[in-house]
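> Quick one: the structure is below, questions incoming.
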């Protein structure tokens, strides 16, 4: 069993401000550090973005997005026209998976890297932030680089703080209440320590 005994190091970089990290001009500043972390695995990474228009009961389509600059531009700009403010979608979250989410679920492959950009505009303490998870073994092999890039990410996000936790992540055809499905209350618990 590939997942057996796998423990993950988890970081939450949180800000109480509306940093709009999902906009390209903000997100692109985070790419170098995220890229350095994602490149710690040989597995290709893919992006899943969850955006919708108000009162429409469906996610907007992006197609398959491999981790690269072109795909990052795509999910941060395709439906977001900040100049006209015309029918701007609600941004829920974006996930980066290495290996791809489909392989994690369908082939029972544990994630090497998981990143989630979250957005809770109605909450005071956890408006926006990034969750980063990787196996403790990968972290231990690359501790210096990981800590450096996490510091850079925290410094790049206005008013950000960083919190850490250790968690298990178990397999299953659904990732129920696991790192991939972490909710606002769990994020707050991690931040509060």
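Numbering (the working numbering), first residue to last: 5 to 197. Don't be surprised by glycine CBs; every beta carbon is placed ideally from N, CA and C. As the structure is a computational prediction, the values presented were derived from the model and not from experiment.
1) Kindly confirm or deny that the region 40-49 and the region 100-112 touch, where touching means at least three C-beta pairs closer than 8 Å.
2) On the DSSP letters alone, give me the boundaries of the beta strand (DSSP E) that residue 25 sits inside.
3) Compute the Euclidean distance between the alpha carbons of residue 13 and residue 172, then round it to the nearest angstrom.
4) State the Cα-Cα distance for the pair residue 158 and residue 136, rounded to the nearest angstrom.
5) Where residue 5 and residue 134 are concerned, what is the direct C-alpha to C-alpha distance, given to the nearest angstrom?
6) Using three-state DSSP, classify residue 148 as helix, strand or coil.
7) Within its chain, find whatever has a CB closer than 7 Å to the CB of residue 162; leave out the 5 residues flanking it on each side and keep chain order.
8) Let's see if you can read the secondary structure: which residues bound the alpha helix (DSSP H) around residue 40?
9) Where does residue 107 sit, in a helix, a strand or coil, going by DSSP?
10) Kindly give me the distance between the Cβ atoms of residue 98 and residue 54, rounded to whole angstroms, as I take these residues to be in contact under 8 Å.
11) Residue 187: buried (16+ other C-beta within 10 angstroms of its C-beta) or exposed?
12) According to DSSP, what are the bridge partners of residue 95?
13) Hey, residue 108 and residue 41: beta-carbon distance below 8 Å or not?
14) Span of the beta strand (DSSP E) holding residue 120?
So, to answer that:
1) yes
2) Residue 25 -> no beta strand (DSSP E), and no H or E assigned at all.
3) 9 Å
4) 12 Å
5) Here residue 5 scores only 46 on pLDDT, less than 50, and its place in the model should not be relied on; the value that follows carries that caveat. The alpha-carbon atoms of residue 5 and residue 134 are separated by roughly 29 Å.
6) helix
7) 19, 21 and 23
8) 35-42
9) helix
10) 7 Å
11) exposed
12) 55
13) no
14) 117-123
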